[in-house]
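Heads up: the sequence shown begins at 1 in full-length UniProt numbering, then just goes up one per residue.
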Amino acid sequence: MNPNSVTNGFVKPVPTEEEQAKIEEVRKLLGPLPEKLSSFCSDDAVLRYLRARNWHVKKATKMLKETLKWRVQYKPEEICWEEIAGEAETGKIYRSSCVDKLGRPVLIMRPSVENSKSVQGQIRYLVYCMENAVQNLPSGEEQMVWMIDFHGYSLANISLRTTRETAHVLQEHYPERLAFAVLYNPPKFFEPFWKVARPFLEPKTRNKVKFVYSDDPNTKQIMEENFDMEKMESAFGGNDDSGFNINKHSERMKEDDKKRLAALENIASASLDSLSILSVSDGTASNSAHPSSHDVSEDEHQPQRKGSVP
1 MNPNSVTNGF
11 VKPVPTEEEQ
21 AKIEEVRKLL
31 GPLPEKLSSF
41 CSDDAVLRYL
51 RARNWHVKKA
61 TKMLKETLKW
71 RVQYKPEEIC
81 WEEIAGEAET
91 GKIYRSSCVD
101 KLGRPVLIMR
111 PSVENSKSVQ
121 GQIRYLVYCM
131 ENAVQNLPSG
141 EEQMVWMIDF
151 HGYSLANISL
161 RTTRETAHVL
171 QEHYPERLAF
181 AVLYNPPKFF
191 EPFWKVARPF
201 LEPKTRNKVK
211 FVYSDDPNTK
221 QIMEENFDME
231 KMESAFGGND
241 DSGFNINKHS
251 ERMKEDDKKR
261 LAALENIASA
271 SLDSLSILSV
281 SDGTASNSAH
291 PSSHDVSEDE
301 HQPQRKGSVP
């Protein structure tokens, strides 16, 4: 039996010899990387991409390369609060002060309070929130929790294009980051939308989605099993009625920005010209790995195919 490292009070499995061998295969295919990109290719990171591609080394390598290219171009770790503060005002997405019982960060999502028609702005804010949640992962943990509050949700809030873009970014560039997602009190009319969306999700992602209804004791048990309900927001059946406060949240995010940027100060930025990571193919067609640079609002463009839910 392999030894295990213990972090955050929980056991973290050490990669098996076979898994470690696959990690090394990915590293050989990646080749030499600039320091900044190497920091995104730890053993844990490579394992996440291998799991996402069912341990297929070339497919995992291609996926990881696409993420590295996306990071060079999109620079997600450099997004700061001042850039996305307008998107955050309504509390449509934010990192909760509550964590789950494993200490993992919780992202609260409230689609009913969407305040922007810019898909590019919405995605950039989502990426900022994902980066912040990753920054706040406890030692030894790789995943976070999403809580989606459907209070006030209506047909007007359904945006297939934004949903498709969201699913693409999360599945392609943050694989295996989701522990589970709670859909809290989704309305009846959401069910057919979910049926349309399911096929666009990876099977692993679909299986992590949990429907919880405040009037159903069986599903409410999911909350009690995973969270300290004394610290959970009252909107999700907990006893914390403090709610979202943009001023307090702003201060938290600015402090986190300072820490993250300070850590990046002495690391040279990578450029596409310096990379030798663009040649490995798994024999499948390559897809765009970053949101479109052309900003289109929901009113200006509608997708030709239906989207998906992260």
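Each residue gets a CB set at the ideal place from its N, CA and C atoms; glycine is no exception.
These figures come from a predicted structure and were not determined experimentally.
Beta-carbon spacing of L126, V72 below 9 Å = As a first step, residue 126 must be located in the sequence shown, where it is residue number 126. As a first step, residue 72 must be located in the sequence shown, where it is residue number 72. Result no, Cβ atoms of L126 and V72 do not sit closer than 9 Å.
Would you give the residue range spanned by the alpha helix (DSSP H) that S38 belongs to?
-> One-based indexing of the sequence shown puts residue 38 at position 38. Looking at the DSSP string, the run of the alpha helix (DSSP H) that includes S38 is E35 to S38.
What do you get for N115, buried or exposed, if any count of 16 or more other CB atoms within 10 angstroms of its CB means buried?
-> Position 115 of the sequence shown holds residue 115. Exposed, because fewer than 16 other Cβ atoms sit within 10 Å of the Cβ of N115.
Identify whether Y49 lies in helix, strand or coil by the three-state DSSP scheme.
-> The count along the sequence shown starts at 1 and reaches residue 49 at position 49. Y49: helix per DSSP, three-state reduction.
Name the DSSP bridge partner or partners of M147?
-> For the purposes of this step, residue 147 is taken as residue 147 along the sequence shown, with counting starting at 1. I108 and V182, per the DSSP bridge assignment.
Give me the Cα-Cα distance between F211 and S97, rounded to the nearest whole angstrom.
-> For the purposes of this step, residue 211 is taken as the residue at position 211 of the sequence shown. For the purposes of this step, residue 97 is taken as the residue at position 97 of the sequence shown. About 22 Å.
Skipping 5 residues on each side, what residues in its chain have a beta carbon closer than 8 Å to that of E78?
-> Position 78 of the sequence shown holds residue 78. Closer than 8 Å at Cβ, skipping near neighbours: L261 and L264.
The alpha helix (DSSP H) with R198 in it runs from where to where?
-> Taking the first residue of the sequence shown as 1, we reach residue 198 at position 198. First-last for R198: undefined, no H or E at that position.
Use the C-beta contact count for S159: other C-beta atoms within 10 angstroms, 16 or more gives buried, fewer gives exposed.
-> Numbered from 1 along the sequence shown, position 159 holds the residue referred to as residue 159. Its Cβ being crowded by 16 or more others within 10 Å, S159 is buried.
Between E230 and the rest of its own chain, which residues show a CB-CB distance below 8 Å, the 5 nearest in sequence each way excluded?
-> Locating residue 230 in the sequence shown gives position 230, counting from the first residue. Here the set comprises G238, N239 and D240.
Go through its chain and collect everything with a Cβ distance to E87's Cβ below 6 Å, but skip five positions before and after it.
-> Stepping through the sequence shown from its first residue, residue 87 is reached at position 87. The residues are S116, G121 and Y125.
Looking only at its own chain, which residues have a Cβ that is under 8 Å from the Cβ of M63, when we skip the five neighbours before and after it?
-> Translated into the one-based positions of the sequence shown, residue 63 becomes position 63. Cβ within range, chain order: Y49, A52, R53, E172 and P175.
May I have the straight-line CA-CA distance separating N287 from S242, to the nearest angstrom?
-> As a first step, residue 287 must be located in the sequence shown, where it is residue number 287. As a first step, residue 242 must be located in the sequence shown, where it is residue number 242. Confidence is the limiting factor: at N287 the pLDDT is only 38, short of 50, which leaves the residue's position unreliable and the question unanswerable from this model.
Of the choices L155, R252, P217 and W81, whose alpha-carbon is the least far from that of W194?
-> Reading the sequence shown from its first residue, position 194 is the one you call residue 194. Comparing Cα positions, the closest option is L155.
Through-space distance from K75 to S118, alpha-carbon basis | Working through the sequence shown from its first residue, we reach residue 118 at position 118. Working through the sequence shown from its first residue, we reach residue 75 at position 75. Approximately 19 Å between the Cα atoms of the pair.
K210 by DSSP, collapsed to three states: which one?
-> Taking the sequence shown and counting its residues from 1, one reaches residue 210 at position 210. Three-state result, K210: strand.
Beta-ladder partner(s) of D100, from DSSP | One-based indexing of the sequence shown puts residue 100 at position 100. BP columns for D100 point to F227.
Secondary structure of S42, DSSP reduced to three states = Numbered from 1 along the sequence shown, position 42 holds the residue referred to as residue 42. Of the three classes helix, strand and coil, the one that applies to S42 here is coil, per DSSP.
Spatially closest choice to N266 from E19, V26 and S39, by CA coordinates = Taking the sequence shown and counting its residues from 1, the one referred to as residue 266 is at position 266. It is S39 whose Cα lies nearest to the Cα of N266.
For N185 versus F150, is the C-beta spacing smaller than 9 Å?
-> For the purposes of this step, residue 185 is taken as residue 185 along the sequence shown, with counting starting at 1. For the purposes of this step, residue 150 is taken as residue 150 along the sequence shown, with counting starting at 1. Contact flag set, yes.
Run of the alpha helix (DSSP H) containing C129, from where it starts to where it stops | On the sequence shown, residue 129 is found 129 positions in, with the first residue counted as 1. Note, C129: alpha helix (DSSP H), V119 to Q135.
For Q20, collect the residues of the same chain with a Cβ closer than 6 Å to its Cβ; drop the 5 residues on either side in sequence, then sort them by chain order.
-> Walking along the sequence shown from the start, residue 20 turns up at place 20. Answer for Q20: no residue qualifies.
Proximity of D100 and F227 at Cβ, strictly below 9 Å | In the sequence shown, residue 100 corresponds to position 100, counting from 1. In the sequence shown, residue 227 corresponds to position 227, counting from 1. Yes. Within cutoff.
As assigned by DSSP and simplified to three states, the class of Y94 | As a working note, residue 94 is residue 94 in the sequence shown. In the structure shown, Y94 sits in a strand (DSSP, three-state: E or B).
Would you mind sorting V14 into buried or exposed? The rule is 16 or more other CB atoms within 10 Å of its CB.
-> What you label residue 14 is simply residue 14 of the sequence shown in a count that begins at 1. Exposed: under 16 other Cβ atoms inside 10 Å.
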